[in-house]
Every structure is written in C-alpha cells, then in structure tokens.
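Student: Sharing a structure below in structure tokens format, with a few things to ask.
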Amino acid sequence: MSDRPGPSALEQLEAAKTRRPGPSPARLIEVLSREAFRDAKSLIRYHEALLFLRAYPADRKTLEAADAELLRFGERVRGLEGLGVLLEPLDDPEVSGIAGTAITTDYSFDVVRWLKRRYPRHVRPYWEAFDATDRLRALWPRFLPLLEEEALEDANVPYREWLAAAAAKDDLAWLIRRIEGLPGPDPERAERYDALALEVRWELEDPRESRSGMRWPTRKIFFQDGPLINRREVSLEAELAGQPISVRDVTPREGARVVDLVRGATVLRYREYYGFTYADPSHVRRADIGRGVEIFVFGLERSRRLP
C-alpha cells in the first residue's frame, strides 16, 4: 500500500476541468469554501479553477457554487493580507484583476479618463511611486499660474501641496479636467498627460469590477456536462460550409456596455488595445455561434479611423 497522500480538494477541483470521473465540482467547492488559504499561490490556483468552472459549468450547482465563491473573493485576499502574507504574486499580469487586489500602472490618458469616469471612487494617482518632479514643473504652471514664479526660483517646490490646495479632494479628476481644457487637438492634450508617466491605482473593491465577478448577462447558460471538445475534433472546413451565422446590430446603449466590459477586462490585465480604447459603441454587431459563445465586433470612433 502506498503511503503517498491522495490529491487535495484543490487538486481535485483543478482536475475537474477535464470532466473525468471524480467528485462533484460543486461538492469540492463547498469543501474548499470552508478552507483557509495561507499562501498566495494556492489562492490563485483556487481562483483560476473557479473561473474556469464558472465559464464552463457542468451543471447549475457548479455554476452557482463557483459564482458565490468568486463574489466573496475579496474577503479571501484581505484574509491573506491580515496574516501578513506577501500578495505580490496576485499582481502578476497572468492572473491580475482578482477581487480585493489593486491594479497600479501608467495607463494612457484616454484609458485613465475612462477609468475615472466609470469607477470614480476607486481610481486615484499613485503618488507613492512618483518622484519625477521635473515633469510636474513642465506642466503644473499651465494650471496654476501663481506656481510659475516659484518653480523658476525654487528647485524644491511642493507640487503635491499646490495640487491639494487647488483640487480639494479629488486630484485626479481635477487633473483630467485641466488636461481636457488645454488648447489643441485631443492627441496633443493626451501627450501632455502621458509625458508625466503618472501611475494610477485602481482598487478592485467591488467584485463586479474585477475578473472574479465581471460578467456579461445572458439568458441561456450552456452546461458543459461532457468532455471538452479537442482541437482535432473541429473541422474548419465543415464549419465554414455550414449554415451562415446570424449577425445583428446592437443598440448604442448595449454597444456601450459591450465596449466597457471589453475595456475593463483588458485593463485588468495591464493591457491597452487601440481598437478597444477608441471603440465606437454605436457600431457594434453581435453573433451567437452556439454553446454559450457570443462574438461582438465593433468599429472605431470616426475620428480614429484611417482616412
């Protein structure tokens, strides 16, 4: 008889993705929901397994169990933090965007502006990592005329104090408004902000803003109650020769929701794509290709298209 211990509940949950015979995923999630994770890597593994089973649920019990755990994942992260566990692994771009964590990077002006408007209470400048005061010296006097003389005479101007006095509570919203008020075309104004290389911090306090809880609403759930389809089982020739896929235009309101979801999902992974940043919500089309998969295609804002 082997003395080797059997697979843990977490290992069994990860194996459940293959749909091979084994314990019920819903039952495994129930067991793990009572377990206290004490290291970041195990918590990441649990999160990614839950996401997979939520995306490809075998049954409604699995879907609901995975959803419930994901929506309370911020508590898990705060629990680890309370134990003094280093949370840096949660910031890795391969797994970033977990509820209860934060995204910190220097996004472009147009992405920062979108983030601030969509999540006003959860996005702020990350001044803790900013020490390039020479960049502030080049821009701040445009917004604070009285600062220009002091900046010429003193190399150690307290720019943050000037900003706090001018902006009151929300310095990022104030800065965005001042950038928007500069003369010149939009790309030129954006360059003024981008030259600051100012990092912003997006606190993922609401699970629905994170990868853990970000969802596209759907009326019908497809349950993957059998083995996943292998690539070798798919014939592109047969698919292309099949019935045409129905494509329809969506309303501008629904298009805006699609664009916001796609932007958020990519920004959570420290990524920006031109086609997402400047997507046109009034030019979105939808195709339902079956098995719970929807495809959305959208164009660019008119001012951002090629001539």
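According to our numbering, the residues represented by the sequence shown are 792 to 1098, in order.
The C-beta atom is built at its ideal place from N, Cα and C for all residues, glycine as well.
Keep in mind it's a predicted model, so treat the numbers as computed, not measured.
Determine the contact status of residue 914 and residue 889, defining contact as a CB-CB distance below 8 angstroms.
Tutor: In this structure, residue 889 does not lie closer than 8 angstroms to residue 914 by Cβ.
Student: Alpha carbon to alpha carbon, what distance is there between residue 866 and residue 1090?
Tutor: Rounded to the nearest angstrom, the two C-alpha atoms are 39 angstroms apart.
Student: Measuring CA to CA, which of 920, 814 and 1039 is closest to residue 1088?
Tutor: Checking every option, the nearest Cα to that of residue 1088 belongs to 1039.
Student: Quick one: give me the first and last residue of the alpha helix (DSSP H) that residue 1055 is part of.
Tutor: Per DSSP, residue 1055 belongs to the alpha helix (DSSP H) from 1043 to 1058.
Student: Taking Cβ positions, are residue 1004 and residue 862 nearer each other than 8 angstroms?
Tutor: The answer is yes: Cβ separation under 8 angstroms.
Student: Helix, strand or coil for residue 885 per DSSP?
Tutor: If DSSP states are grouped into helix, strand and coil, residue 885 belongs with coil.
Student: Report yes if the C-beta distance between residue 991 and residue 932 is below 8 angstroms; otherwise report no.
Tutor: Cβ atoms of residue 991 and residue 932: not closer than 8 angstroms.
Student: For a minimum of 4 consecutive residues, which ranges assigned as the alpha helix (DSSP H) are wholly contained in the stretch 985 to 1050?
Tutor: The stretch 985 to 1050 contains these whole alpha helix (DSSP H) runs: 1027 to 1031.
Student: Report the three-state DSSP secondary structure of residue 806 (helix, strand or coil).
Tutor: Residue state, collapsed to three classes: helix.
Student: Give me the Cβ distance between residue 884 and residue 832, rounded to the nearest whole Å; I'm assuming they're in contact under 8 angstroms.
Tutor: Between residue 832 and residue 884 the Cβ distance is about 16 angstroms, and since that is not below 8 angstroms, they are no contact.
Student: Of all the options 1074, 929 and 1082, which has the alpha carbon lying nearest to the alpha carbon of residue 1044?
Tutor: If we check each option's Cα against that of residue 1044, 1074 comes out closest.
Student: Within 10 angstroms of the Cβ of residue 1049, are there 16 or more other Cβ atoms? Answer buried if so, exposed if not.
Tutor: Residue 1049 comes out buried.
Student: Going by CA-CA distance only, name the one from 846, 859 and 909 that's closest to residue 994.
Tutor: Taking only the C-alpha atoms, the option nearest residue 994 is 909.
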